[in-house]
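>
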Amino acid sequence: MPSSDFDIYELLPRRSRKILNSRRRARYHSLPRNCLRMEQNESPWGSLGSEQDYSQYPDPECQLLRDEAAEFYGLKKEQIIAGNGGSALIDLIFRVFCQNDKDHILSFSPIAPEVRHLADLNGSHLELLPLNEDHQISLFKLRAELRKEVKILFLSHPNPISGRCLRGIDIVDAIEGFKGLVILDERQLDYQQDLSLLPYLKDFPNLVIIRSFSSLWGLAGLRLGLAFGSAELIEILQKMQTPFSVNAMAQAAAVKAMRLPAQKDRVLEQTLEQRKILIEKLDQLPLVQEVFLSNSNCILFKVKEGPKTYEYLQSEGIEVFPAFQIDKNLEHCIRISVGQEEQNKRLIKALKEMPSKTSLRHKIMKQLGQGLKNASLILGMGVFKKIIG
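Going by numbering that gives the first Met the number 0, the sequence shown opens with residue 0, and the numbers climb by one from there.
Below, the structure is given as structure tokens:
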């Protein structure tokens with residue numbers, strides 16, 4: 000465990016320290032509700048083409064949102080920062096704490112593609128260790144790597160590809176003794192809230208936890224995420240964050256959503272029920288070789304021919320995630336999101352029909368039908384009918 004004299008500022012590169020201490024740093028703060036605002040070059044005439052008035056910049060500190068989140072998650076407002084999606088907050092942390100072409104980020108594969116992309120954008124060296132066969136971390140391998148120059152340890156809980164949560168005791172063991180920053184990605188943990196490590200924030204000043212409103216809350220289109228950490232860490236991130244990062248509509252929608260716990264619980268119950276049914280149906284299909292345990296709203300399963308199945312589903316108008324493309328240990332694996340009942344039935348129906356629809360006879364008949372259709376278009380239907388009979 001980091002000692003009581005742990006100093007988060009020691010992890011900051013010189014560039015970030017310079018910006019934090021600069022008088023030129025942009026400074027924005029929340030204003031009283033009835034304040035006459037004449038400082039931001041906003042329009043006094045409302046919003047064109049909208050019945051709602053979005054003519055003023057949103058609250059840069061997200062005060063109401065953070066107050067509501069503090070009550071909902073049982074934390075202090077000073078421990079919370081909001082961002083334009085969880086990925087924007089991960090980007091912010093990488094940007095603030097990592098020095099280009101020098102600092103190393105350690106994580107496990109498979110990892111969300113956007114995390115790899117964000118590490119590349121910030122010039123950080125991302126090193127990936129493989130998960131065990133049961134999708135858990137190897138503490139032996141992890142400890143060996145943490146002896147090296149690692150600035151950030153990034154752990155996905157649950158894994159965004161497999162949907163599997165890590166063991167809490169393994170996460171705690173990984174954090175203890177590590178003097179760098181630990182990012183715990185809990186963006187998909189709303190479906191297994193009892194496994195959250197939010198209670199451990201008081202024990203680890205170097206821990207930051209990421210949550211999202213994209214999945215269970217149904218606000219993916221508005222882009223809103225939260226990061227939780229020590230008040231000192233959150234203050235640094237707030238000072239380094241792009242001004243007005245969270246739009247007014249997203250802030251209002253999240254506040255309203257957190258005030259409707261019964262609706263959230265109903266969506267959770269329906270999702271878990273459909274996940275159970277979907278896993279059972281997938282397990283009964285001959286082309287499915289294995290269905291993996293999930294703590295999220297996604298299901299990872301292995302088929303006989305991953306690329307062929309992926310292309311077939313696309314031809315049926317069903318888009319799934321080709322996990323086999325991002326990790327060699329996930330050969331022939333596909334990830335799906337749990338949908339509503341009719342959506343799930345459509346997926347299962349398509350998978351059941353795949354053997355017949357991808358057979359050689361079916362392909363020949365389909366090509367023949369397309370050839371006849373093209374001929375009728377070229378010759379004209381009247382001439383074409385005379386030719387064929």
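Just so you know, even glycine gets a beta-carbon here, dropped at the ideal spot from N, CA and C.
Because the structure is a prediction, the values reported are computed rather than measured.
How would you call Leu292, buried or exposed, if buried means at least 16 neighbouring beta carbons within 10 angstroms?
A residue is called buried once 16 or more other Cβ atoms fall within 10 Å of its Cβ, and Leu292, having fewer, is exposed.
> Please state the DSSP three-state secondary structure of Lys301.
strand
> Please classify Asp282: does DSSP put it in a helix, a strand, or coil?
Annotated three-state conformation of Asp282 is helix, per DSSP.
> Using alpha carbons as the reference points, say which of Leu194, Ser155, Ile151 and Pro198 lies closest to Phe177.
Ile151
> Nearest to Glu234 by alpha carbon, out of Lys76, Glu50, Leu141 and Asp119?
Proximity to Glu234 across Lys76, Glu50, Leu141 and Asp119 peaks at Lys76, based on C-alpha coordinates.
> When you compare each of Asp202, Ile18 and Ser195 to Ser155 by their alpha carbons, which one comes out closest?
Out of Asp202, Ile18 and Ser195, Ser195 has the C-alpha closest to the C-alpha of Ser155.
> Can at least three beta-carbon pairs, one atom from the region 239-252 and one from the region 58-70, be found at a separation below 8 Å?
Enough Cβ pairs lie closer than 8 Å, so yes.
> Rounding to the nearest angstrom, what Cα-Cα distance links Glu126 and Ile174 in this structure?
Looking at the two C-alpha atoms, the distance is approximately 17 Å.
> Note the first and the last residue of the continuous beta strand (DSSP E) segment covering Gly162.
Counting along the chain, Gly162 falls outside any beta strand (DSSP E), and DSSP gives it neither H nor E.
> For Ile79, which residues of its own chain have a beta-carbon under 7 Å away from its beta-carbon, when the five flanking residues on both sides are left out?
Arg65, Ala68, Ala69, Leu225, Phe227 and Ile233
> Does DSSP classify Leu223 as helix, strand or coil?
Coil at Leu223, not helix or strand.
> Mapping DSSP to helix, strand and coil, what is His116?
Of the three classes helix, strand and coil, the one that applies to His116 here is helix, per DSSP.
> Within the region 318-353, note down every full alpha helix (DSSP H) run reaching 4 residues or more, in order along the chain.
none
> How about the region 251-265 and the region 299-306: do they share at least three Cβ pairs that are nearer than 8 Å?
no
> Does DSSP classify Gly167 as helix, strand or coil?
helix
> Buried or exposed: Gly162, going by 16 or more other Cβ atoms within 10 Å of its Cβ?
By the beta-carbon neighbour count (other beta carbons within 10 angstroms, threshold 16), Gly162 is buried.
> For the candidate residues Leu267, Asp169, Gly82 and Met353, whose alpha-carbon lies nearest to that of Arg222?
Gly82
> What runs of the alpha helix (DSSP H), each 4 residues or longer, lie entirely inside the region 9-83?
13-20 and 62-72
> Is there contact here, the region 88-108 with the region 126-143, by at least three beta-carbon pairs under 8 Å?
With contact defined as three or more Cβ pairs closer than 8 Å, the region 88-108 and the region 126-143 are in contact.
> Give the C-beta separation of Ile92 and Ile18 to the nearest angstrom, bearing in mind that I take them to be a contact with Cβ-Cβ under 8 Å.
Contact flag wrong, Cβ pair sits at about 15 Å.
> Identify whether Arg142 lies in helix, strand or coil by the three-state DSSP scheme.
Assignment of Arg142 by DSSP, reduced to helix, strand and coil, places it in the helix class.
> What three-state label does DSSP hand Asp90 in the structure shown?
The three-state secondary structure of Asp90, taken from DSSP, is helix.
> Between Arg274 and Val266, what straight-line distance do the alpha-carbon atoms span, to the nearest angstrom?
When rounded, the distance between both Cα atoms is 12 Å.
> Asn343: buried (16+ other C-beta within 10 angstroms of its C-beta) or exposed?
Burial state of Asn343 is buried, judged by a 10 Å Cβ sphere holding 16 or more other Cβ atoms.
> Write down the C-beta distance between Pro354 and Leu286 rounded to the nearest angstrom, noting that I regard them as a contact closer than 8 Å.
7 Å
> Kindly indicate the opening and closing residues of the alpha helix (DSSP H) around Ile235.
Ala230 to Met239
> Does the separation of the CB atoms of Ile89 and Glu231 fall below 7 Å?
no
> Measuring only the C-alpha atoms, how far is Ser86 from Glu50?
31 Å
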